[in-house]
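Here is the structure we will look at, set down as structure tokens.
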Amino acid sequence: MAPSPPTRRPPPSTARFVTPRSLFNWGRTASPPPPEFQYHDVPPPFPMSLLSNTHLKGTQKKTPINHSNPLLLLDDQSISRELRCCYKATVDGFTATDFHRRCDFKGPCVIIASTTTALKFGGFSPEGYRSTDDYYDTLDAFLFYWSDFSDDQVVILPKVGGSGAALFDYARGGPQFGADGLLIGPPMTAVMGVFTGPDSSAGEGDLRRARSRLGLSYARRPDGKESLFGDEGKVELDEE
Numbered sequence: 001m002a003p004s005p006p007t008r009r010p011p012p013s014t015a016r017f018v019t020p021r022s023l024f025n026w027g028r029t030a031s032p033p034p035p036e037f038q039y040h041d042v043p044p045p046f047p048m049s050l051l052s053n054t055h056l057k058g059t060q061k062k063t064p065i066n067h068s069n070p071l072l073l074l075d076d077q078s079i080s081r082e083l084r085c086c087y088k089a090t091v092d093g094f095t096a097t098d099f100h101r102r103c104d105f106k107g108p109c110v111i112i113a114s115t116t117t118a119l120k121f122g123g124f125s126p127e128g129y130r131s132t133d134d135y136y137d138t139l140d141a142f143l144f145y146w147s148d149f150s151d152d153q154v155v156i157l158p159k160v161g162g163s164g165a166a167l168f169d170y171a172r173g174g175p176q177f178g179a180d181g182l183l184i185g186p187p188m189t190a191v192m193g194v195f196t197g198p199d200s201s202a203g204e205g206d207l208r209r210a211r212s213r214l215g216l217s218y219a220r221r222p223d224g225k226e227s228l229f230g231d232e233g234k235v236e237l238d239e240e
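Read in order, the letters of the sequence shown correspond to residues 1 to 240 in our numbering.
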């Protein structure tokens, strides 16, 4: 009787465990959310009656007024219409890039500025800023200034000549009301449509400088002067 053939064992398996891979980024660590925008703790440096004829009017808390900041922009970002300061030039910078980095897409806003001679002035923009290199038509925008350095007597200069070209929103410039009503840090090079060169910051405006001519787009002052600043058509803004 012949012996039984030896039992053959199957060769060891060469199969490997395959780690599942997602093709749709499932399970991967998500990028951290962008940091929350930090507003400046600055109370509105103007009487709230200034906004009584705008949609920003509302009940406001009475807070001390701080006049130590030369250039402020406050915007409406809450249900209660509380105004918060999103741009402070002495902290955020005086370039047009600094201005739009802090102010774009913040909604309607109030701009406050002061000169080296302590003259305070500003404007209300119902459109806000978005760096569109375009202009907006509205009758709701206006300029204002403080009379005789009084904290309470604010003189309002409305839009005149129709609603056309009331506000300009240049990415390389600061706030501009009309073609010549008030320009703070206008672009140093011409803006041609929405096209820019390889460096869009080239020729950007310096928000330490402002100029004004009244009568064409915004009303003249009650004293007949054709500049928001009085006898001066151009001024330097205070850095302190």
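Don't be surprised by glycine CBs; every beta carbon is placed ideally from N, CA and C.
Spatial neighbours of residue i in its chain, beta-carbon cut-off 7 Å, leaving aside the 5 residues before and after
i	result
ARG102	CYS86, TYR87, ASP92
PHE168	TYR135, GLN176
GLU226	ARG213, LEU214, GLY215, ARG220
HIS67	The predicted position of HIS67 is uncertain, since its pLDDT is 48 and thus under 50; no value can be drawn from it.
Local Cβ density within 10 Å of residue i, reported as buried at 16 or more and exposed below that
i	result
ASP223	exposed
ALA118	exposed
PHE142	buried
ALA190	exposed
LYS234	exposed
PRO33	exposed
PRO35	exposed
Residue i versus residue j: straight-line alpha-carbon distance, rounded
i	j	result
ALA310	PHE144	Nothing in the structure corresponds to residue 310, since the chain is present only between 1 and 240.
ASP206	ARG172	9 Å
GLY122	ASP133	21 Å
PHE99	GLY161	29 Å
ILE65	TYR170	No answer about ILE65 holds up, because its pLDDT of 45 lies below 50 and its placement is not dependable.
VAL155	SER31	49 Å
GLY181	GLU236	16 Å
THR115	ASP238	5 Å
PHE105	ASP231	35 Å
LEU183	LEU228	11 Å
SER147	GLU82	26 Å
SER49	ARG208	28 Å
Top-ranked residue by Cα proximity to residue i, from the options
i	options	result
LYS120	TYR218, GLN153, GLY107	GLN153
PRO47	TYR39, ASP41, LEU56	LEU56
SER212	GLU204, GLY185, GLY203	GLY185
PRO187	ALA210, ALA166, PRO32	ALA210
SER221	LYS234, LEU157, ASP238	In the sequence as displayed, the identity of residue 221 is Arg instead of Ser. Here the closest residue by C-alpha is LEU157.
VAL42	SER49, ILE112, GLY203	ILE112
SER131	GLU204, THR115, ASP238, PRO33	GLU204
PHE94	GLU82, GLY174, PRO34	GLY174
ALA179	SER217, ARG208, GLU36, SER147	SER217
PRO126	THR90, SER163, SER147	SER163
ILE129	PRO45, GLY107, PRO33, ASN53	For the record, residue 129 in the displayed sequence is Tyr; it is not Ile. When each option's Cα is compared against that of TYR129, the closest is GLY107.
Nonlocal neighbours in the same chain, by C-beta distance under 8 Å from residue i, ignoring five residues either side
i	result
LEU51	LYS57, VAL110, PHE124
THR138	PRO126, GLU127, LYS159, SER163, ALA166, LEU167
PHE37	CYS86
Residue-chain proximity (residue i, chain D), Cβ-Cβ < 8 Å
i	result
PRO186	Checking the listed chains, one finds no chain D in this structure; it contains a single protein chain.
Cβ neighbours of residue i in the same chain (closer than 6 Å, five flanking residues each side left out)
i	result
ASN53	none
ASP140	PRO126
LYS61	Here the model assigns LYS61 a pLDDT of 48, short of 50, so the residue's position is not dependable and the matter cannot be decided.
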